[in-house]
Amino acid sequence: MTPAPRVRVQTQDFDVSVETSALRDGDLGVGAVASFVGTVRERGNPAGGERVSAMELEHYPGMTERAIEAMLDAAHARFDIRGARVVHRVGRLSPGEQIVLVAVTSAHRGQAFQACEFIMDYLKTQAPFWKKETTPSGAHWVDARVADDEALARWGIEAGNAAPGS
Amino acid sequence: MPTVRVRFFASLRESLGAEEFVQVPEGATVGQLRVLLRGRGGLHADMLAAGRPVRTALAQMVCGDEAVLGDGAEVAFFPPVTGG
Numbered sequence: 428m429t430p431a432p433r434v435r436v437q438t439q440d441f442d443v444s445v446e447t448s449a450l451r452d453g454d455l456g457v458g459a460v461a462s463f464v465g466t467v468r469e470r471g472n473p474a475g476g477e478r479v480s481a482m483e484l485e486h487y488p489g490m491t492e493r494a495i496e497a498m499l500d501a502a503h504a505r506f507d508i509r510g511a512r513v514v515h516r517v518g519r520l521s522p523g524e525q526i527v528l529v530a531v532t533s534a535h536r537g538q539a540f541q542a543c544e545f546i547m548d549y550l551k552t553q554a555p556f557w558k559k560e561t562t563p564s565g566a567h568w569v570d571a572r573v574a575d576d577e578a579l580a581r582w583g584i585e586a587g588n589a590a591p592g593s
Numbered sequence: 005m006p007t008v009r010v011r012f013f014a015s016l017r018e019s020l021g022a023e024e025f026v027q028v029p030e031g032a033t034v035g036q037l038r039v040l041l042r043g044r045g046g047l048h049a050d051m052l053a054a055g056r057p058v059r060t061a062l063a064q065m066v067c068g069d070e071a072v073l074g075d076g077a078e079v080a081f082f083p084p085v086t087g088g
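Each protein sequence line maps, in turn, to chains S and L. When we follow the numbering used here, the leftmost residue of the first sequence carries the number 428, and every step to the right adds one. When we follow the numbering used here, the leftmost residue of the second sequence carries the number 5, and every step to the right adds one.
Dropping the structure here:
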């Protein structure tokens with residue numbers, strides 16, 4: 428049996444319980460499972476903005492998966508974790524739907540919490556995904572946020588995703 | 005002259021199309037390709053304008069303007085990412 432892929436990009440929804448169970452399956456060294464789920468907010472950015480009726484997510488097949496794989500390698504190098512997995516949805520989503528799952532296992536909680544946040548901060552600014560929101564005034568591509576670059580900078584990594592171009 | 009596969013994503017894809025094959029001078033860089041595409045005017049000039057935040061990838065790895073294009077290379081232009 429081939430091991431389950433660590434990274435999946437898919438249109439269909441995911442079950443957090445199924446994913447975290449599979450991640451720690453058979454590993455009795457696991458003492459902590461941390462997971463993060465991102466969902467579609469009805470109000471986009473900035474908070475309190477227009478009501479979002481739908482969101483469309485696009486990715487770069489091949490590059491996206493490889494970029495996230497590299498992030499998981501970086502997380503394994505940096506933290507004492509036992510396993511990590513990312514599921515990210517693409518296509519059309521409605522408010523309230525799940526977008527992304529990051530799940531991490533470790534012996535103790537500290538490393539799992541930290542690695543989960545690290546992977547998410549990395550993914551927000553470095554994985555090729557793009558969001559388009561549909562609102563009463565039309566459809567808009569979501570702008571990258573400087574705050575997300577700052578979140579990654581806390582880990583000593585320069586993002587520059589939201590920086591102006593040249 | 006080398007031929008490269010040029011791909012666009014998100015807002016750039018909507019304006020410029022998903023992909024095309026472009027002939028570039030021997031030894032051309034990603035930055036030079038951007039200038040070449042801009043030279044077509046119209047939406048290309050607008051979407052790839054200097055000062056616009058356009059990110060680039062070569063062989064599906066993020067790259068800078070200085071990356072050199074070989075024959076058959078896959079180059080992508082896209083806006084800052086907004087996943088998660």
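Glycine included, C-beta positions come from ideal geometry on N, C-alpha and C.
Where residue i falls, given that 16 or more other Cβ within 10 Å makes a residue buried
i	result
E28 of chain L	Looking at the sequence itself, residue 28 of chain L is Val, so the reference to Glu does not match. Buried, because 16 or more other Cβ atoms sit within 10 Å of the Cβ of V28 of chain L.
M547 of chain S	buried
Q541 of chain S	buried
V39 of chain L	exposed
A494 of chain S	buried
P432 of chain S	exposed
E24 of chain L	exposed
R512 of chain S	buried
A554 of chain S	buried
V445 of chain S	exposed
P488 of chain S	exposed
D507 of chain S	exposed
Interface flag, residue i vs chain S, CB-CB below 9 Å
i	result
G43 of chain L	no
V10 of chain L	no
G46 of chain L	no
M51 of chain L	no
P6 of chain L	no
Helix, strand or coil at residue i according to DSSP, with G and I counted as helix
i	result
G35 of chain L	helix
G577 of chain S	The question names Gly, but residue 577 of chain S is Glu in the sequence shown. Residue state, collapsed to three classes: helix.
A481 of chain S	strand
A22 of chain L	coil
E560 of chain S	strand
E78 of chain L	strand
A530 of chain S	strand
F12 of chain L	strand
R468 of chain S	coil
Short CB-CB distance (under 9 Å) between residue i and chain L
i	result
Q553 of chain S	yes
M547 of chain S	yes
E485 of chain S	yes
V434 of chain S	no
I526 of chain S	yes
R536 of chain S	no
V569 of chain S	yes
H515 of chain S	yes
W557 of chain S	yes
Supposed contact pair residue j and residue i - C-beta distance, whole angstroms, cut 8 Å
i	j	result
D454 of chain S	G510 of chain S	7 Å
T466 of chain S	Q525 of chain S	6 Å
R59 of chain L	V66 of chain L	7 Å
A32 of chain L	L62 of chain L	About 12 Å separates the two Cβ atoms, so there is no contact after all.
Residues in the region 12-38 of chain L having any Cβ partner in chain S nearer than 7 Å: Hits within the stretch, in order: F13, A14, S15.
Cβ-based contacts, 7 Å cut-off: residues of the region 60-85 of chain L near chain S: A61, Q64, A80, F82, P83, P84, V85
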